[in-house]
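Enquirer: Encoded as structure tokens, here's the structure I'll be asking about.
Protein chains: 2
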Amino acid sequence: MLSAQRKDHLLGILHQDGRIIAKQVAVDLGVSEDSIRRDLRELADAGELVRVYGGALPIPPADRPVDERSSLATESKERVARRAVELIPPGSTVVLDAGTTTLAMARMLPHGADLTVITPSPAVALAVAEHTEARIVIIGGELSRFSMVAGGPLATEAVQHLSADLFFLGVTGIDPVHGLTTGDLGDAATKRAIAARCTQTLVLGSEEKIGATSRYPVLDLERVAGIVVDPLVTDPVLDELAARVPVLR
Amino acid sequence: MLSAQRKDHLLGILHQDGRIIAKQVAVDLGVSEDSIRRDLRELADAGELVRVYGGALPIPPADRPVDERSSLATESKERVARRAVELIPPGSTVVLDAGTTTLAMARMLPHGADLTVITPSPAVALAVAEHTEARIVIIGGELSRFSMVAGGPLATEAVQHLSADLFFLGVTGIDPVHGLTTGDLGDAATKRAIAARCTQTLVLGSEEKIGATSRYPVLDLERVAGIVVDPLVTDPVLDELAARVPVLR
DNA sequence: GTTAACCGTGCAGAAACGTGCAACTTCGTG
DNA sequence: CACGAAGTTGCACGTTTCTGCACGGTTAAC
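Taken in sequence, the protein lines are chains A and B. Under our numbering, think of the first position of the first sequence as 1, with each following residue one higher. Under our numbering, think of the first position of the second sequence as 1, with each following residue one higher.
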């Protein structure tokens, strides 16, 4: 293990877990804690993280340059994204839908893991390219102005040539009665087509989507493997949903 | 084992393992570590990797040449882009290749005109979406790290379903002898496939491309309808080119 | 206030590095 | 064919960098 690589690994852990525990990483990598501490010291000097007793934490958003802060999703979405990223097995192929939560996911994908990311969203594709070394496949098609996502017959056709393990689905409404819904008819069809080509579909359920309903149905609740939600949010609607589909928090 | 061959091997390892350990490769290839170190030094000078203690690592995504933030077009490219945009008839369907010049074009496309823009570049797609009301079609496929453009079999297939009036082709070399060339083999194939589906192809000839040659041929000069160049640049090579293909300035 | 875990510093051995040099190959030229 | 120039390769040497350990100080938790 090269020392520079170890630092990458540390940043990767920080990205994914939101913290670093020196002792644990030392055991994981089979090096002494001293080396880890030295790395952390240097990374802290470089402004990549803040050291704390026992390990390190990300730099608090308030201390970051403004341009970075402006592109951050809300904290709740960040938590959903972090939870969702945890569910990606190493070496797998995942589809990331368009949306702010998937954009947040793109920024916190594991660094080293051998991943393939498929997405119909140019913004997500660029974010993944910037933050990881994953293979990236973009689904082509007409770009919908509504959600900046590829759709239409071209996309549907392209989707038929793909398959993936996991689909992280973004919708605008998650409701026990109306199921999963979104605001654009074409988008709904594309999402369905993608889901049909993936082994499992997980819905990203950031705070404001729970209990909301949009115009066009995407999928029945029963067709998804789970809803990923913010671990800190409690909502009676969630309990209702939990009776029908696994809620991952 | 030739040194060039060894360098290819090194880049292969880097691509596959995400790292190079000098000692290990030296043993594998049966050469001294000194030679490996020398190769790594040269590859690092050429910008193909970053050296670290013990070996080498890939260039971090944030530092790559195609990074959108740092890729502000030069004034010369802006003039080429402006000239190129003038050549777009209202109501037409155009393909914008990837690259800084096409990115500049995307930002200065006419607002009202009823346009359809097709592109294999997520960055260009987003720029067009931000600056115009054009219909946008993305060509999907594997995203090449080299130029952040969709390519591979998926892109080739997607291209077959499209057709357009005008293709604004970006290359890295425009030379009277070697014709139009680019630095990535896959990219070259995708560009050819697109050109075959378009009525006319125009090459974007920003200053530094004129007289330059890259590794992989894209098209013969005779196959394009013209080269768009900076009106303010004069270059003897341009006169040579003008004898074979229209030069639009 | 006590205890255990964590931290910084100094140190020594090991590993990797850069440089200069000599032996060797390759290529073009007379 | 002989010759020399240019490039490549491996080795030797001194230097730099990394790593783990020991020691004493500091911090957090009970």
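Where is the CB? At the ideal position from N, CA and C, for every residue including glycine.
For the segment 102-115 of chain B, enumerate the residues whose C-beta is nearer than 8 angstroms to any C-beta of chain A, in chain order.
Expert: Within the segment 102-115 of chain B, no residue qualifies.
Enquirer: For residue 2(A), return the contacting residues in chain B, with the cut-off set at a CB-CB distance below 8 angstroms.
Expert: Near residue 2(A) (Cβ distances below 8 angstroms), the residues of chain B are 19, 21, 52, 53, 54, 55, 57.
Enquirer: Counting C-beta neighbours from all protein chains within 10 Å, is the total for residue 79(B) 16 or more, i.e. buried, or is it exposed?
Expert: Buried, since its Cβ has 16 or more Cβ neighbours within 10 Å.
Enquirer: According to DSSP, simplified to helix, strand and coil, what is residue 38(B)?
Expert: Residue 38(B): helix per DSSP, three-state reduction.
Enquirer: Alpha carbons only, please: which of 44(A), 155(A), 160(A), 211(A) is nearest the one belonging to residue 236(A)?
Expert: For the residues 44(A), 155(A), 160(A), 211(A), the minimum Cα distance to residue 236(A) belongs to 211(A).
Enquirer: Going by DSSP, name the residue or residues bridged to residue 251(A).
Expert: Residue 251(A) is absent from the model: chain A starts at 1 and stops at 249.
Enquirer: Which residues, taken in chain order from the segment 166-178 of chain A, show a beta carbon closer than 9 angstroms to some beta carbon of chain B?
Expert: Taking 9 angstroms as the Cβ-Cβ cut-off against chain B, none of the residues of the segment 166-178 of chain A qualify.
Enquirer: To be precise: take each residue of the segment 199-232 of chain A, compare its Cβ to all Cβ atoms of chain B, and keep it if any distance is under 7 angstroms. Which residues remain?
Expert: Of all residues in the segment 199-232 of chain A, none has a Cβ within less than 7 angstroms of some Cβ in chain B.
Enquirer: Please work out which residues of its chain come closer than 8 angstroms, Cβ to Cβ, to residue 141(B), disregarding the five sequence neighbours upstream and downstream, and give them in chain order.
Expert: 120, 150, 151, 152, 153, 154, 155, 156, 158, 190.
Enquirer: To the nearest whole angstrom, what separates the beta carbons of residue 29(B) and residue 51(B), a pair I think is in contact under 8 angstroms?
Expert: No, residue 29(B) and residue 51(B) are not in contact; Cβ-Cβ is about 18 angstroms, not under 8 angstroms.
Enquirer: Mind pulling the alpha helix (DSSP H) runs of 4 or more residues that sit fully within the segment 112-171 of chain A?
Expert: 122-131, 152-159, all fully within the segment 112-171 of chain A.
Enquirer: Beta carbon of residue 181(B), beta carbon of residue 215(B): below 8 angstroms?
Expert: For residue 181(B) and residue 215(B), yes; Cβs fall inside 8 angstroms.
Enquirer: Could you check what DSSP says for residue 243(A) in three-state terms: helix, strand or coil?
Expert: Three-state DSSP puts residue 243(A) in coil, outside helix and strand.
Enquirer: Check whether the Cβ atoms of residue 230(B) and residue 170(B) lie closer than 8 angstroms to each other.
Expert: The answer is no: Cβ separation not under 8 angstroms.
Enquirer: Return helix, strand or coil for residue 93(A), following the three-state DSSP convention.
Expert: Correct three-state label for residue 93(A): strand.
Enquirer: Taking the continuous beta strand (DSSP E) assigned at residue 205(A), which residues delimit it?
Expert: 198-205 is the span of the beta strand (DSSP E), which, as asked, contains residue 205(A).
Enquirer: Could you check how far apart the C-beta atoms of residue 183(A) and residue 219(A) are, in whole angstroms? I think they sit under 8 angstroms.
Expert: Residue 183(A) to residue 219(A), Cβ: 15 angstroms. No contact.
Enquirer: What does residue 25(A) reach in chain B if we use C-beta pairs closer than 7 angstroms?
Expert: Per Cβ cutoff of 7 angstroms: no residues; residue 25(A) is ~18 angstroms from chain B at best.
Enquirer: Check the Cβ of residue 5(A) against every Cβ in chain B and list those closer than 7 angstroms, keeping chain order.
Expert: Those are 19, 57, listed as they occur along chain B.
Enquirer: If you measure from the beta carbon of residue 137(A) to each beta carbon in chain B, is any gap under 8 angstroms?
Expert: Chain B contact via Cβ: present.
Enquirer: Going by the beta-carbon positions, is the gap between residue 109(A) and residue 103(A) smaller than 8 angstroms?
Expert: No. Outside cutoff.
Enquirer: Give the straight-line distance between the Cα atoms of residue 232(B) and residue 243(B), rounded to the nearest whole angstrom.
Expert: Straight-line Cα distance between these residues: approximately 19 angstroms.
Enquirer: Roughly how many whole angstroms lie between the Cα atoms of residue 4(A) and residue 53(B)?
Expert: Each residue's Cα considered, the two are about 7 angstroms apart.
Enquirer: Between residue 106(B) and the rest of its own chain, which residues show a CB-CB distance below 7 angstroms, the 5 nearest in sequence each way excluded?
Expert: Once the five neighbours on either side are set aside, the close Cβ partners of residue 106(B) are 96, 124, 127, 128, 131.
Enquirer: If the cut is a Cβ gap below 9 angstroms, which residues of chain B does residue 78(A) touch?
Expert: Per Cβ cutoff of 9 angstroms: no residues; residue 78(A) is ~20 angstroms from chain B at best.
Enquirer: Using only CA atoms, which one of 99(B), 36(B), 196(B) lies nearest to residue 225(B)?
Expert: Of the listed residues, the one whose Cα sits closest to residue 225(B) is 196(B).
Enquirer: In angstroms, rounded to a whole number, what distance separates the CA positions of residue 217(A) and residue 176(A)?
Expert: Going from the Cα of residue 217(A) to the Cα of residue 176(A) covers about 12 angstroms.
Enquirer: With H, G and I counted as helix, E and B as strand and the rest as coil, what does DSSP make of residue 56(B)?
Expert: Three-state DSSP puts residue 56(B) in a strand.
Enquirer: Once DSSP output is grouped into helix, strand and coil, what is the label at residue 179(B)?
Expert: Of the three classes helix, strand and coil, the one that applies to residue 179(B) here is strand, per DSSP.
Enquirer: Roughly how many angstroms lie between the CA atoms of residue 193(A) and residue 12(A), to the nearest whole one?
Expert: Rounded to whole angstroms, residue 193(A) to residue 12(A) spans 32 angstroms at the Cα level.
Enquirer: List, in chain order, every chain A residue whose beta-carbon is nearer than 8 angstroms to that of residue 125(B).
Expert: Under the 8 angstroms cutoff, chain A gives 122, 143.
Enquirer: Look up residue 226(A) in the DSSP assignment and give the residues it is bridged to.
Expert: In DSSP, residue 226(A) forms a bridge with 202(A).
Enquirer: Is the CB-CB distance between residue 118(B) and residue 162(B) below 8 angstroms?
Expert: Yes.
Enquirer: Under 8 angstroms Cβ-Cβ, which residues of chain A neighbour residue 161(B)?
Expert: Going along chain A in sequence order, the residues near residue 161(B) (Cβ under 8 angstroms) are 154, 157.
Enquirer: I think residue 122(A) touches residue 138(B), with their Cβ atoms under 8 angstroms apart; what is that distance to the nearest whole Å?
Expert: About 6 angstroms; that satisfies the 8 angstroms criterion.
Enquirer: Closest Cβ-Cβ distance between residue 140(A) and chain B: below 8 angstroms?
Expert: For residue 140(A), the answer is yes, since a Cβ of chain B falls inside 8 angstroms of its Cβ.
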